[in-house]
Structure formats: C-alpha cells, structure tokens
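Colleague: Numbering-wise (the numbering used here), the sequence shown opens with residue 52 and increments by one.
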Amino acid sequence: ICAEAAVGRGDKAFEYYSKIAPAFREDISDLHRTEPYVYAQMIAGKDAKRHGEAKNSWLTGTAAWNFVAVSQYILGIKPEYNGLKIDPSIPHEWDGFTASRLFRGATYEITVKNPDHVCHGVKSVTVDGKAVDSNVIPVFGNGTHKVEVVLG
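1. With which residues is Gly147 paired in a DSSP beta bridge?
2. Looking at the strands, I want to know which residues DSSP matches up with Gly134.
3. On a CA-only basis, which of Ala56, Ile188, Val187, Lys164 is nearest Asn117? Give me that one, please.
4. Roughly how many whole angstroms lie between the Cα atoms of Gly59 and Pro142?
5. Quick check on the burial criterion: 16 or more other C-beta atoms within 10 angstroms. Buried or exposed for Ile71?
6. On the criterion of 16 or more Cβ atoms from any shown chain inside 10 Å, does Pro166 qualify as buried, or is it exposed?
7. Closer than 7 Å by C-beta to Ile188: which residues in its own chain qualify, once you throw out the five before and the five after it? Chain order, please.
8. Looking at the secondary structure, which residues open and close the alpha helix (DSSP H) in which Thr113 lies?
9. With distance defined between alpha-carbon atoms, name the residue in Arg155, Ser122, Tyr68, Asp146 nearest to Phe191.
10. Within 10 Å of its beta-carbon, does Tyr132 have 16 or more other beta-carbons around it, so buried, or fewer, so exposed?
11. Three-state secondary structure (DSSP) at Glu86?
12. On the CB-based measure, 16 or more other CB atoms within 10 Å of its CB, does Pro130 come out buried or exposed?
13. Whose C-beta lies closer than 6 Å to the C-beta of Phe148 among residues of the same chain, with five residues either side of it excluded?
14. Look at the alpha carbon of Asn193 and the alpha carbon of Leu153, and state the distance between them as a whole number of angstroms.
15. Considering just the uninterrupted stretch of the alpha helix (DSSP H) at Ala64, what are its terminal residues?
16. With a threshold of 8 Å on Cβ separation, who are the neighbours of His196 within its own chain once the five nearest residues in sequence on each side are excluded?
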C-alpha cells in the first residue's frame, strides 16, 4: 500500500487496502468467525482444518500500520521536520476528501480537491486563503488553519 502510494499509484494503493481492510470484507465475516470490524493476527490457510478462520483478533500491529498507510500515504498527510507535507495518492475517481489533523499544537482543516481526477500530483496549495509555494505546510504552533490542496 505504502509503496504504491509513494510512487503515485493511488488506484493500486487503495485496491490493496480494500483487500485487507475489515470494512470491505464483511461478506466473509462468518468464515473468519471474529469481529467483522477488526484486523486479525492471522487467517488459516487452505490446508488448515478451519480454512479462512481468523485468529487472535486485536493482537496485531496491522491496524496501526494501516492507519499510517491510509493517513500518511493514500491521503498523503505526513508529518515532517519542517512542517506537514500534503501529497495524496488517491483513487482517480475520488473528487477529493477532507481531513482534520492536529500537528504540533495547531489544527489543520484540510480540503483536497481533485477536479482532473488524477491519482497524484499537487497543483496548488493555499493556507488560510494565501497561496504557498510548497506542499509542506509550515508549523504554526497554535490555532486552526484552513488548507486547500488542488490536485492536477
């Protein structure tokens, strides 16, 4: 997921995420025999007595890693030393998205627009109504800041 998003293939990144995210796998929750909304540590293979059964739900780092994959790679909201980098790799059919991110004492209300229906590529960034030259939003330290990113 992270690798596909890092090279700008948002369609593939989201496809891979959709294959493992519990929210997209409700149709097989009876087979897994665990809570349909959590990741499991493992799923029994074809040769197992209970093929497809999930084991040890809640005891995995998968949820944390997928949070990183979605928030920092697909949505592209990544904390860096100099600020908050916004570099989405989303499915081309998305019109955009909104997100709120607390970062170093400030709240960033982020709106990403995708009028050209691309997977990747920041065309413009504005912060509090002012154009900025980079997709790395500077550290403000406090307050709420409106960020608009246009892909294209």
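Glycine included, each C-beta is placed from N, C-alpha and C at the ideal position.
Modeller: Put simply:
1. On the sequence shown, residue 147 is found 96 positions in, with the first residue counted as 1. Answer is Lys164, bridged to Gly147.
2. Sequence index remark: in the sequence shown, residue 134 carries index 83 (1-based). Its beta-bridge partners are Glu131, Pro189.
3. Within the sequence shown, the letter at position 66 stands for residue 117. Checked all of Ala56, Ile188, Val187, Lys164; the closest Cα to Asn117 is Ala56.
4. Your numbering for residue 59 matches position 8 in the sequence shown. Your numbering for residue 142 matches position 91 in the sequence shown. Gly59 and Pro142 have their C-alpha atoms some 10 Å from each other.
5. Reading the sequence shown from its first residue, position 20 is the one you call residue 71. In this structure Ile71 is exposed. Its beta-carbon is surrounded by fewer than 16 other beta-carbon atoms within 10 angstroms.
6. As a position in the sequence shown, residue 166 is number 115, starting the count at 1. Counting Cβ neighbours within 10 Å, Pro166 comes out exposed, since fewer than 16 surround it.
7. The residue labelled residue 188 in the question sits at position 137 within the sequence shown. Only Gly134, Leu135, Ile137, Tyr159, Val178, Val198 meet the Cβ criterion.
8. Here residue 113 refers to the residue found at position 62 when the sequence shown is read from its first residue. From DSSP, the alpha helix (DSSP H) with Thr113 extends over 113–119.
9. Reading the sequence shown from its first residue, position 140 is the one you call residue 191. If we check each option's Cα against that of Phe191, Arg155 comes out closest.
10. Within the sequence shown, residue 132 is the residue found at index 81, counting from 1. By the beta-carbon neighbour count (other beta carbons within 10 angstroms, threshold 16), Tyr132 is exposed.
11. One-based indexing of the sequence shown puts residue 86 at position 35. Coil at Glu86, not helix or strand.
12. Along the sequence shown, one-based indexing puts residue 130 at 79. So Pro130 counts as exposed.
13. The residue you call residue 148 lines up with position 97 of the sequence shown. The beta carbon of Phe148 is closer than 6 Å to those of Val163 in its chain, skipping five residues each way along the sequence.
14. In the sequence shown, counting from the first residue as 1, residue 193 sits at position 142. In the sequence shown, counting from the first residue as 1, residue 153 sits at position 102. So the alpha carbons of these two residues sit roughly 10 Å apart.
15. As a position in the sequence shown, residue 64 is number 13, starting the count at 1. In the DSSP assignment, Ala64 falls within the unbroken alpha helix (DSSP H) covering 61–71.
16. Counted from its first residue, the sequence shown places residue 196 at position 145. The beta carbon of His196 lies closer than 8 Å to those of Ala157, Thr158, Tyr159, Glu160, Val178, Asp179, Ile188 in the same chain, with the five residues before and after it left out.
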